[in-house]
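**Student:** First the structure, then my questions, so here it is.
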Amino acid sequence: MSRRRAMGDRGFWLRIGWRNLGRHRRRSVITALALAWGFAAVVLFNGILEGMGSDFIRSGTDLMAGQIRIQNPDYEPEQELWDVVGGEGGVQVSELLAQVRSDSDVIGAAPRVYGAGIIASDSTSRGGVFMGILPGEEAGVTHFLEGVVDGSPPAEGAYEVLLGQELARQLRIGVGEEVVLVAPAADGSLGNELFTVSGIVRTGIPEVDAAQAFLRLDDLQFLLALGPQEVHEVVLAVNDPWAAPEVSRRLVASLSGSGSQIQVTPWTEFRPELVEFAGLISGMNWVILVVIFLMAAFGVANTMLMGTFERRREFAVVKALGMGPGRIVTMVVGEALVLGLLSVVAGALISLPLVLWLIHYPLDLTPIAGEQMFMDGLFRFVLRVEHSWDIPIRAAVGLVLTATAASVYPALRAVRVPAAEALAGR
Amino acid sequence: MLLTRMRATPEGSQRRRGRALPALLWTAVFLAGAAASLPAQETPEEIVRHVDDLLRGESSHGAVTMEVVTERWTRSMEMEMWSLGQDYSLVRVLSPAREAGTATLKVERDIWNYLPRVDRTIRVPGAGMGGSWMGSHFTYDDLVRESSLIDDYDVEVSFEGTRGGTEIWEFRLDPLPEAPVVWSWLELEVRKEDRMPLEMRYFDERGELARTMEFSDFRTMGGRLVPSILSMRPEDQPGESTTLRYRDLEFDIGLDRGFFSLQRLRGG
Chain H
7 MSRRRAMGDR GFWLRIGWRN LGRHRRRSVI TALALAWGFA AVVLFNGILE GMGSDFIRSG
67 TDLMAGQIRI QNPDYEPEQE LWDVVGGEGG VQVSELLAQV RSDSDVIGAA PRVYGAGIIA
127 SDSTSRGGVF MGILPGEEAG VTHFLEGVVD GSPPAEGAYE VLLGQELARQ LRIGVGEEVV
187 LVAPAADGSL GNELFTVSGI VRTGIPEVDA AQAFLRLDDL QFLLALGPQE VHEVVLAVND
247 PWAAPEVSRR LVASLSGSGS QIQVTPWTEF RPELVEFAGL ISGMNWVILV VIFLMAAFGV
307 ANTMLMGTFE RRREFAVVKA LGMGPGRIVT MVVGEALVLG LLSVVAGALI SLPLVLWLIH
367 YPLDLTPIAG EQMFMDGLFR FVLRVEHSWD IPIRAAVGLV LTATAASVYP ALRAVRVPAA
427 EALAGR
Chain A
1273 MLLTRMRATP EGSQRRRGRA LPALLWTAVF LAGAAASLPA QETPEEIVRH VDDLLRGESS
1333 HGAVTMEVVT ERWTRSMEME MWSLGQDYSL VRVLSPAREA GTATLKVERD IWNYLPRVDR
1393 TIRVPGAGMG GSWMGSHFTY DDLVRESSLI DDYDVEVSFE GTRGGTEIWE FRLDPLPEAP
1453 VVWSWLELEV RKEDRMPLEM RYFDERGELA RTMEFSDFRT MGGRLVPSIL SMRPEDQPGE
1513 STTLRYRDLE FDIGLDRGFF SLQRLRGG
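If you read the protein sequences in the order shown, they are chains H and A.
If you read the first sequence in our numbering, its first letter stands for residue 7, the second for the next number, and so on.
If you read the second sequence in our numbering, its first letter stands for residue 1273, the second for the next number, and so on.
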């Protein structure tokens, strides 16, 4: 084995690094543990933040809005009754639903009709927003029907209505009682019908709970003089919220045959504030990464500086024997690289059980922090880690790079050891 | 006032009185002249008050056809209506049959609807006041806030002369600070020859023309000359309009507040 080959071999320098670390085991272990903990902290915090961000996005879209919506391009912002999906005459709703569901990323689709008018009990009346839904389909897209606190969602063919909790309170009305719904219809007439209150719902969104009444899709279509093919919106849920823009583009292409009066919008466009929020979280992740790794960098630099200082005579000897500066640097940096790799392994061992635990058993802080409405979503403070390979890989690479970079200065110091003086003990 | 001041200068006043007397005379003659010209030359307020009271009278009763033209549909409704001052009115739909019996009662700031289909009387809540009244371009708010042009606005003449071959006044009406008015200002065109309103323009808070009300087909009904057609065009919905055609009108028929009851609303 020629000397050149042996010294050019990376494994050789790593082995030297490993041996050098072993010369001062306790110090090496303590430094590695500090780095490992930094790694674990980054993985854990970033995971929790990602989890929160993802929860915000989910609660902001899954509660009522949906992750993708299909509308008539003219529907927003005027929300005129006759601007239905597909334009005049509407679309075959069941066909449209089947078509969007055939996309493998779409996990739910629900048609909706909206109207506005007056809701009156025997004693009083309030302005209200009416939403016609298919409760079965809606449950595959949104969660607000899980907030039914009394009774049940409206049943088919029964002229039933589910009222927001605050609205029901203001109307001084309960399940089983009658209300009149009055709304200007699409043909200019004044739609008015008697409905029975089937249930009370609390979504947590104040403006919904105080004004919204949920009806069967066909009942509201009748009240508003709309045909069965006329809906204002189809909301979709997708596997991964971040895939929504991509899925939207696919749907635009596949629905282009259904006429021009169809617009597909992902949540990233109709809830841009949620995207900004996600960006904020990602920014915070980077800040945490940088802060923790800066601390790690100083730790490594300190350890390596001490190590090189202690070994001045050794460096002097190898220099005297003819070792070039490049190899001395390689030797020191290799030691730091081994330290970094060891720390990553140790950090993974520390963080893995914690991460797995939080993925499978989210820590519910709701009893302490309560529930908060945030960006039209009901947010529960649950420490839940988003399952992701991205974060640990980013952290591992960051850690090793940091450790390596931090050893460059000590390595340069080692190169500059004046051989003769160090050997003379001066 | 002139007299008291002259008495206040007793010394040497004899000589001055000689000059003061013709001045006094002058003033008297001038004042008399001004007074004499008043019936012929009304103040802007009086003309606007005349227009304001024109279709209302102390009390009124009439039959009206409301035609609503929108981008999507056109519909026509026959209605019977009663009013007392600005605060009380009752409108009942006679046709089409599907909506016959539907009625709206306004008592001061409150509005009730009677819906024969469900046989319920419903008070229009605050949040519902922005809604369209009977599918027209009028909102419930328009009915409630049908304010007095004289009580709520400051009136000034903004144009006087010939426009489109007709001698007119154009008044600019600026809301008084406390007036419950949503408009920035109104412009009212009145024909000089018979003080008939021709057009009212409504400007929104951005100072843009929001809607125009046109008055036409002037006829004598109930003993007075009135515009029998009122047509409202919203500027933001070009091509759309709501037109009221009075077929029959009578004034000062001695209605009292008791007439405008929920019972009457139900058709009782």
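Virtual Cβ for every residue (Gly too), placed ideally from N, Cα, C.
1. Going along the chain, which residues of its own chain have a beta-carbon closer than 7 Å to the beta-carbon of Phe51/H, five neighbours each way excluded?
2. At the level of alpha carbons, what is the spacing between Ser1367/A and Leu280/H?
3. Would you kindly work out how many angstroms separate the C-alpha atoms of Arg32/H and Met337/H, rounded to a whole number?
4. If you draw a straight line from the C-alpha of Lys325/H to the C-alpha of Ala420/H, how long is it?
5. Which residue marks the beginning of the alpha helix (DSSP H) containing Arg1536/A, and which one marks its end?
6. Would Gly1329/A and Arg1496/A qualify as a contact pair, given that the criterion is a beta-carbon distance under 9 Å?
7. Roughly how many whole angstroms lie between the Cα atoms of Pro373/H and Leu360/H?
8. In chain H, which residues lie with their C-beta within 9 Å of the C-beta of Glu1339/A?
9. With distances taken Cα to Cα, identify the nearest neighbour of Ala47/H among Ile179/H, Arg333/H and Val297/H.
10. Please confirm if Val186/H has its CB atom under 9 Å from at least one CB of chain A.
11. Could you pull out every residue in the same chain whose Cβ sits closer than 7 Å to the Cβ of Ile63/H, ignoring the five residues on either side in sequence?
12. Would you mind reading off the limits of the alpha helix (DSSP H) that contains Arg33/H?
13. Measure the C-alpha to C-alpha separation of Ser254/H and Pro141/H and round it to an integer number of angstroms.
14. To the nearest angstrom, how far is the alpha carbon of Gln235/H from that of Ser1361/A?
15. Which residues in chain H sit within 7 Å of Arg1370/A, going by Cβ to Cβ distance?
16. Whose CA, out of Glu1318/A, Tyr1386/A, Leu1537/A and Val1379/A, lies closest to the CA of Asp1423/A?
17. Looking at Val306/H and Arg118/H, is the spacing between their C-beta atoms short of 9 Å?
18. Do we get a CB-CB distance below 9 Å when we pair Ala219/H with the residues of chain A?
19. Count the CB pairs spanning the segment 256-264 of chain H and the segment 171-179 of chain H that are closer than 8 Å, and state whether there are at least three.
20. Start and end of the alpha helix (DSSP H) containing His366/H?
21. Straight-line CA distance for Phe276/H to Arg400/H?
22. With DSSP as the reference, label Ser158/H as helix, strand or coil.
23. Could you give the uninterrupted runs of the beta strand (DSSP E) lying entirely in the segment 1457-1513 of chain A, keeping only those of 3 residues or more?
24. Suppose the cutoff is 7 Å on Cβ atoms and the five residues either side in sequence are ignored; what does the same chain contact list for Ser1404/A look like?
25. Taking C-beta pairs closer than 9 Å, name the residues in chain H that Met1406/A reaches, listed in chain order.
26. Could you tell me which chain A residues have their CB closer than 7 Å to the CB of Leu200/H, listed as they occur along the chain?
27. Identify the contact partners of Thr1342/A in chain H, using a Cβ-Cβ distance below 9 Å as the criterion.
28. Against chain H, which members of the segment 1420-1431 of chain A pass a CB distance test of less than 7 Å?
29. Is the beta carbon of Leu20/H closer than 9 Å to that of Val344/H?
30. Secondary structure at Asn245/H, three-state DSSP: helix, strand or coil?
**Tutor:** Inspection of the coordinates gives the following:
1. Ile294
2. 51 Å
3. 20 Å
4. 10 Å
5. Leu1534 to Leu1537
6. yes
7. 21 Å
8. Under the 9 Å cutoff, chain H gives no residues; its nearest Cβ is about 11 Å from Glu1339/A.
9. Val297/H
10. yes
11. Pro247, Leu280 and Ala284
12. Arg31 to Asp68
13. 24 Å
14. 40 Å
15. Ser195
16. Glu1318/A
17. no
18. no
19. no
20. Pro331 to His366
21. 31 Å
22. coil
23. 1457-1463, 1468-1475, 1481-1493 and 1496-1506
24. Thr1411
25. Pro190, Gly194, Ser195 and Leu196
26. Val1390
27. Gly194
28. none
29. yes
30. coil
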